[in-house]
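Working notes for the structure below.
In the working numbering, the protein residues as written are 22 to 261.
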C-alpha cells in the first residue's frame with residue numbers, strides 16, 4: 022500500500038516528535054529504494070506551530086523546542102504554504118478570529134494578571150465537593166458523581182492525601198518493595214533503592230500507599246472482569 026501511495030496527509034504535524042518523521046523518512050526510503058526525502062513520496066503536513074508542540078515527559082522548554090520538526094534539517098526540504106484566511110469563521114466572528122491570530126503572532130495582547138480567586142488553595146475544591154457529606158457514613162451514591170480532575174499524577178496524589186487527612190480513623194501505610202532486576206553491580210549503584218522509592222510510574226501505586234476505612238481507591242489491573250473488577254473500577258475500602 023505504501024509503495025502505491027502518491028500522497029500522505031499528516032495532520033497536526035507540529036505535535037509530532039521529529040523522531041517520528043525521521044522514522045517514516047527512513048522507512049519510505051528503504052521500501053522505495055529511493056534516497057529522496059520520504060522515498061520521493063509527497064508528504065502534506067498540516068497544523069499550526071503556534072499551538073501545541075511535541076509533549077516531552079518532564080522536558081524543559083529547550084528540549085520541547087528541539088523535538089520539533091522545525092529544528093531539524095529535514096524541515097528545510099519542505100515547501101511552506103501559509104493559510105491566511107479562516108474559512109470556518111462566521112462574518113460576525115471575523116474580528117474575534119483576527120484578534121486570536123494577532124495574539125498567536127504576538128501582535129496584540131499584554132500580560133494579564135489573574136485575580137487571587139483564580140488561584141484557590143488545594144483545600145478549596147475538597148471543601149466544595151465534600152463539605153456537605155458525612156465522611157464517617159458516606160455511601161457510594163454520594164461519591165459516584167464527585168471527582169477532582171488534575172493535570173498530572175503528582176497533583177492528584179497531593180489532593181488524595183489532603184482528602185485522607187480530613188477523614189476520621191487511623192491511617193494505614195503500605196510500602197512497596199523496589200529492586201533492580203539486574204545482576205550488574207553498576208546498575209545497583211546507578212539506581213539505589215531510595216531513588217526507586219521516589220518514582221511513581223504510570224499504572225502503579227505510589228511507594229507509600231496511605232489508606233483509611235471508607236476511602237476510595239481505583240483498580241490499576243483487571244483482577245476479575247466477570248465480576249466488574251476491571252482497570253479503572255472505583256471501590257471503597259471497608260477493611261484493612
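Note that the Cβ used here is the ideal one computed from N, Cα and C, for glycine as well.
Original post:
On the three-state DSSP scale, how would you describe residue 233?
Top reply: For the purposes of this step, residue 233 is identified with residue 212 of the chain shown, where counting begins at 1. The answer is coil: DSSP assigns residue 233 none of H, G, I, E or B.
Report the residue from 88, 24 and 129 whose alpha carbon sits nearest the alpha carbon of residue 37. Your numbering for residue 37 matches position 16 in the chain shown. The option with the nearest alpha carbon to residue 37 is 88.
| task | State the DSSP-derived secondary structure class of residue 200, mapped to helix, strand or coil. | result | In the chain shown, counting from the first residue as 1, residue 200 sits at position 179. Residue 200 falls in the coil class under three-state DSSP.
- Assign residue 195 to one of three DSSP states: helix, strand, or coil. What you label residue 195 is simply residue 174 of the chain shown in a count that begins at 1. Looking at residue 195 - three-state DSSP - the assignment turns out to be strand.
Residue range of the alpha helix (DSSP H) that includes residue 120: As a position in the chain shown, residue 120 is number 99, starting the count at 1. Run containing residue 120: 115-125, per the alpha helix (DSSP H) assignment.
Reference residue 162, options 231, 213, 257 and 112, closest by Cα
The residue given as residue 162 occupies position 141 in the chain shown. The shortest Cα separation from residue 162 among 231, 213, 257 and 112 belongs to 257.
Practice task
Would you check if the region 26-40 and the region 64-83 touch, i.e. whether three or more CB-CB distances between them fall below 8 Å?
Solution key: yes
Item checked: Alpha carbon of residue 229 to alpha carbon of residue 195, nearest angstrom -> Taking the first residue of the chain shown as position 1, residue 229 is located at position 208. Taking the first residue of the chain shown as position 1, residue 195 is located at position 174. Spanning the two alpha carbons is a distance of roughly 6 Å.
Next item on the list: Would you mind reading off the limits of the beta strand (DSSP E) that contains residue 255?
Entry: Looking up residue 255 in the chain shown gives position 234. Note, residue 255: beta strand (DSSP E), 255-257.
**Request:** Report the partner residues of residue 94 according to the DSSP bridge assignment.
**Result:** Position 73 of the chain shown, counted from the first residue, corresponds to residue 94. Bridge partners of residue 94: none, in fact.
**Message:** If distances are taken between C-alpha atoms only, which option among 39, 44, 197 and 51 comes closest to residue 24?
**Reply:** Counted from its first residue, the chain shown places residue 24 at position 3. Ranking the options by Cα distance to residue 24, first place goes to 51.
| Does the beta-carbon distance from residue 261 to residue 193 come in below 7 Å? | Here the question's residue 261 lines up with position 240 in the chain shown. Here the question's residue 193 lines up with position 172 in the chain shown. Contact: yes.
Review point. Alpha carbon to alpha carbon, what distance is there between residue 173 and residue 83?
Key: Residue 83 sits at position 62 when you count from the first residue of the chain shown. Residue 173 sits at position 152 when you count from the first residue of the chain shown. Between residue 83 and residue 173, the C-alpha separation is close to 21 Å.
Classify residue 184: buried if its beta carbon has 16 or more other beta carbons within 10 angstroms, exposed otherwise. As a first step, residue 184 is located in the chain shown; it is residue number 163 there, counting from the start. Residue 184 should be labelled buried.
Item to check | Straight-line Cα distance separating residue 234 from residue 164 | outcome: For the purposes of this step, residue 164 is identified with residue 143 of the chain shown, where counting begins at 1. For the purposes of this step, residue 234 is identified with residue 213 of the chain shown, where counting begins at 1. The alpha-carbon atoms of residue 164 and residue 234 are separated by roughly 15 Å.
Pull up the distance between the alpha-carbon of residue 62 and that of residue 56, whole angstroms please. Residue mapping note: residue 62 aligns to position 41 of the chain shown, counting from 1. Residue mapping note: residue 56 aligns to position 35 of the chain shown, counting from 1. For the pair residue 62 and residue 56, the Cα-to-Cα distance works out to about 11 Å.
List the endpoints of the continuous beta strand (DSSP E) containing residue 64. For this step, residue 64 is matched to residue 43 along the chain shown. Start and end: 63-66.
**Asked** Where does the unbroken beta strand (DSSP E) through residue 169 begin, and where does it stop?
**Response** By one-based count along the chain shown, residue 169 stands at place 148. From DSSP, residue 169 is part of no beta strand (DSSP E); its letter is neither H nor E.
Practice prompt. Have a look at 101, 48 and 43 and flag the residue whose alpha-carbon is nearest the alpha-carbon of residue 68.
Written response: Taking the first residue of the chain shown as 1, we reach residue 68 at position 47. Ranking 101, 48 and 43 by Cα distance to residue 68 puts 101 first.
When we look at the beta-carbon of residue 224 and count the other beta-carbons within 10 Å, is it buried (16 or more) or exposed? Within the chain shown, the letter at position 203 stands for residue 224. The residue in question, residue 224, is exposed, as its Cβ has fewer than 16 Cβ neighbours within 10 Å.
**Request:** Using 10 angstroms around the beta-carbon of residue 210, count the other beta-carbons present and answer buried if the total reaches 16, otherwise exposed.
**Result:** Taking the chain shown and counting its residues from 1, the one referred to as residue 210 is at position 189. By the neighbour-count rule (16 or more Cβ atoms within 10 Å), residue 210 is not buried but exposed.
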